[in-house]
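Below: one structure, written as structure tokens.
Shown next as structure tokens:
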């Protein structure tokens, strides 16, 4: 059983060493959203800016990430 734990720890260390860490460009990043109405073809779109964010990639694949948004900053881009 100890052997399996050692192998898992070694694999995690190797993945972490090969990983590339990226900070989110807060000025040029936002989450775009679309909400659809239950009746008819109604839809509304908008965006939410990020407060902070980072992602970790290994060989081009997403390993982990943290994205923080403030829901009070949500905005609609539809014309009124």
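Numbering (the working numbering), first residue to last: 339 to 418.
Every residue gets a Cβ at the ideal spot worked out from N, C-alpha and C, and that includes glycine.
6 Å CB neighbourhood of residue 392 in its chain, flanking five on each side removed
361 and 404
Three-way DSSP call (helix, strand, coil) for residue 364 in this model:
helix
Mapping DSSP to helix, strand and coil, what is residue 380?
Coil at residue 380, not helix or strand.
Under the three-state reduction of DSSP, which class applies to residue 412: helix, strand or coil?
coil
What are the partner residues of residue 373, as DSSP defines its beta bridges?
In DSSP, residue 373 forms a bridge with 382.
Cβ separation of residue 368 and residue 394, assumed to be a contact under 8 Å, to the nearest whole Å:
Wrong, their Cβ atoms sit about 21 Å apart, outside the cutoff.
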